[in-house]
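One line per chain: the protein sequences are A and B, in this order. For the first sequence, the numbering used here assigns the number 154 to the last residue and increments by one with no breaks. For the second sequence, the numbering used here assigns the number 316 to the last residue and increments by one with no breaks. All C-beta atoms in this analysis are idealised placements derived from N, C-alpha and C, irrespective of residue type, glycine included. Note that the structure is predicted; figures quoted are calculated from it, not measured.
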Amino acid sequence: MHQSRQKIILLVLIAICQGSSEAASHAQSQSLRSTISNSTTQALAEAASQSNCFGRTDLPHVSTHFPNTVNVQAVTECPGQSVTIMTTLSRKRWWLFNESKTVTVTSFGKVKANVSLVCKWKSGGSEISYVATSFHSDSHGEFARTRTRARLKC
Amino acid sequence: MTRNRDGRDPTLFQKTYEFDLGPFWLNLLAMIPVIDKLAYPLAVRRGIATIICPEPTEDLEKLTSKGWIIRNEEPTQRELFRTGSFATLSSSQDSDLLRRRNAVLAGGFRRTLFESLRIFGWTEWSRTLIARRYTHKFNGTYASYIQMRKEARAGLKLRNDH
Numbered sequence: 001m002h003q004s005r006q007k008i009i010l011l012v013l014i015a016i017c018q019g020s021s022e023a024a025s026h027a028q029s030q031s032l033r034s035t036i037s038n039s040t041t042q043a044l045a046e047a048a049s050q051s052n053c054f055g056r057t058d059l060p061h062v063s064t065h066f067p068n069t070v071n072v073q074a075v076t077e078c079p080g081q082s083v084t085i086m087t088t089l090s091r092k093r094w095w096l097f098n099e100s101k102t103v104t105v106t107s108f109g110k111v112k113a114n115v116s117l118v119c120k121w122k123s124g125g126s127e128i129s130y131v132a133t134s135f136h137s138d139s140h141g142e143f144a145r146t147r148t149r150a151r152l153k154c
Numbered sequence: 155m156t157r158n159r160d161g162r163d164p165t166l167f168q169k170t171y172e173f174d175l176g177p178f179w180l181n182l183l184a185m186i187p188v189i190d191k192l193a194y195p196l197a198v199r200r201g202i203a204t205i206i207c208p209e210p211t212e213d214l215e216k217l218t219s220k221g222w223i224i225r226n227e228e229p230t231q232r233e234l235f236r237t238g239s240f241a242t243l244s245s246s247q248d249s250d251l252l253r254r255r256n257a258v259l260a261g262g263f264r265r266t267l268f269e270s271l272r273i274f275g276w277t278e279w280s281r282t283l284i285a286r287r288y289t290h291k292f293n294g295t296y297a298s299y300i301q302m303r304k305e306a307r308a309g310l311k312l313r314n315d316h
């Protein structure tokens with residue numbers, strides 16, 4: 001009688017252990033599925049953000065709105081994210097003696113940066129080289145660099 | 155407002171020269187100091203020089219007869235990408251090396267170093283090429299840039315043959 005009771009308890013314990021292991025494996029598979037779906041979603045989001053987020057720097061040009069200044073515009077666009085743009089406009093002079101101005105702007109979705117320098121060209125002189133460099137970044141840690149160059153009599 | 159000798163308003167004209175789309179010897183000529191000035195009129199004759207002119211002017215026909223390509227619309231996204239003025243944001247692994255280098259060479263030292271290295275770009279065109287290569291390597295799009303340059307070259311050849 002005592003032995004049969006022990007057997008019954010043992011069987012019940014085995015059944016409980018099996019149940020819990022099944023539950024554990026089920027939970028594990030669920031978490032794996034969620035991880036996979038999460039990573040897939042993340043990959044899709046990344047792909048979407050890669051295709052949607054872009055940065056552009058236009059050519060430096062003599063401003064028509066503000067005479068005697070050279071101006072450049074740069075844009076970063078990334079829908080639904082915080083974006084930052086850092087644009088530098090440099091006037092190339094002899095070797096290290098360049099002049100430059102940097103503007104940094106942060107906004108949501110789309111951001112524009114305008115940088116301008118006062119003209120220094122003198123009549124009879126050769127064209128001056130202007131270089132505009134922008135560093136675009138978003139809140140997901142993605143980034144890009146764009147650069148343009150123009151020679152202007154300004 | 156400053157004007158050229160022929161009376162044209164220089165602010166209306168944005169000239170671009172794409173020596174890398176032309177023959178190899180012309181590309182090389184544009185990289186040699188002093189004599190690189192000879193490459194510019196040759197580029198115009200070869201049809202690889204473009205004027206972006208937002209407003210039509212009377213001189214356009216004269217310029218076209220000389221070989222200039224006149225455009226009044228903005229460049230396409232592909233063209234902007236090739237020249238390095240348009241890029242898609244990414245966290246590419248190709249640019250990891252450059253990012254690490256930039257992290258090490260931070261601030262003024264980095265700027266001074268790169269400005270010193272600039273002396274190796276002896277002409278305007280070679281400096282442009284160095285900048286484009288650096289930009290595409292940084293963005294991890296160097297392979298696409300090379301491919302697009304090949305396509306642009308083939309397109310130009312087709313246009314010239316036609």
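Unbroken beta strand (DSSP E) runs of length 3 or more, entirely within the segment 193-249 of chain B: which are they?
-> Counting only runs of at least 3 residues, the segment 193-249 of chain B fully encloses the following beta strand (DSSP E) elements, listed from N- to C-terminal order: 203-206, 223-225 and 240-242.
What do you get for Lys112 of chain A, buried or exposed, if any count of 16 or more other CB atoms within 10 angstroms of its CB means buried?
-> Counting Cβ neighbours within 10 Å, Lys112 of chain A comes out exposed, since fewer than 16 surround it.
Taking 9 Å as the CB-CB limit, is Glu278 of chain B close to chain A?
-> It does; some Cβ of chain A falls within 9 Å.
Taking Cβ positions only, does Leu192 of chain B come closer than 9 Å to chain E?
-> Here the protein chains are A and B, and chain E is not one of them.
Buried or exposed (CB count within 10 angstroms, at least 16 for buried), Ser34 of chain A = Any reading at Ser34 of chain A needs caution, since the residue's pLDDT is 42, under 50, leaving its predicted position unreliable; the model's value is listed next. Ser34 of chain A comes out exposed.
Extent of the continuous beta strand (DSSP E) run through Met302 of chain B | Looking at the DSSP string, Met302 of chain B is not in any beta strand (DSSP E); the run it does join, the alpha helix (DSSP H), is Tyr296 to Asp315.
Per DSSP, which one or two residues make a beta bridge with Asp138 of chain A?
-> When DSSP reads this structure, Asp138 of chain A sits in a beta bridge with A:Val83.
Hey, quick one: how far does the beta strand (DSSP E) through Phe143 of chain A stretch, first residue to last?
-> In this chain, the beta strand (DSSP E) harbouring Phe143 of chain A covers Phe143 to Leu152.
Closer than 8 Å, Cβ to any Cβ of chain B: which residues of the segment 59-70 of chain A, in chain order?
-> Of all residues in the segment 59-70 of chain A, the ones placed with a Cβ closer than 8 Å to any Cβ belonging to chain B are Leu59, His61, Val62, Thr64 and Pro67, in chain order.
For Ser219 of chain B, I'd like the list of residues in its chain whose CB is within less than 7 Å of its CB, leaving aside the five on either flank, ordered along the chain.
-> The answer is none, since no qualifying residue turns up.
Selected residue, minimal CA-CA separation from Arg303 of chain B, among B:Trp179, B:His290 and B:Asn314 | If we check each option's Cα against that of Arg303 of chain B, B:His290 comes out closest.
Expected contact under 8 Å - CB spacing of Gln81 of chain A and His140 of chain A to nearest Å = Taking C-beta atoms under 8 Å as the contact rule, Gln81 of chain A and His140 of chain A qualify, at a distance of about 7 Å.
7 Å CB neighbourhood of Phe97 of chain A in its chain, flanking five on each side removed | Excluding positions up to five away in sequence, the list is empty.
Put Thr170 of chain B into one of helix, strand or coil per three-state DSSP.
-> The three-state reading of DSSP puts Thr170 of chain B in strand, counting E and B together.
In or out: Glu305 of chain B buried (at least 16 other Cβ within 10 Å) or exposed?
-> Looking at its Cβ environment, which holds fewer than 16 other Cβ atoms inside 10 Å, Glu305 of chain B is exposed.
Inter-residue Cα distance where the pair is Leu217 of chain B and Ala297 of chain B | In this model, Leu217 of chain B and Ala297 of chain B are separated by some 35 Å (Cα to Cα).
State the Cα-Cα distance for the pair Lys191 of chain B and Arg225 of chain B, rounded to the nearest angstrom.
-> If you take the alpha carbons of Lys191 of chain B and Arg225 of chain B, they lie about 24 Å apart.
Check whether the Cβ atoms of Lys101 of chain A and Trp121 of chain A lie closer than 9 Å to each other.
-> For Lys101 of chain A and Trp121 of chain A, no; Cβs fall outside 9 Å.
Supposed close pair Thr57 of chain A, Arg151 of chain A - CB separation, criterion 8 Å | Not confirmed; about 16 Å, so no contact.
Near-chain B residues of the segment 117-151 of chain A - C-beta to any C-beta below 8 Å = From the segment 117-151 of chain A, only Trp121, Ser123, Ser129, Val131, His136, Ser137, Asp138, His140, Gly141, Glu142, Phe143, Ala144, Arg145, Thr146, Arg147, Thr148, Arg149, Ala150 and Arg151 have a Cβ closer than 8 Å to chain B.
Proximity to Thr295 of chain B [Cα-Cα], best of B:Leu310, B:Leu243 and B:Leu312 | With distances taken between Cα atoms, Thr295 of chain B lies closest to B:Leu243.
What residue does the beta strand (DSSP E) around Glu278 of chain B start on, and which one ends it?
-> Counting along the chain, Glu278 of chain B falls outside any beta strand (DSSP E), though it belongs to the alpha helix (DSSP H) covering Glu278 to Asn293.
Say yes only if the C-beta of Thr277 of chain B is nearer than 8 Å to one or more non-hydrogen atoms of the ligand MG, and no if none qualify.
-> By its list of ligands, the structure shown contains no ligand whatsoever, and the ligand MG lies outside what it can speak to.
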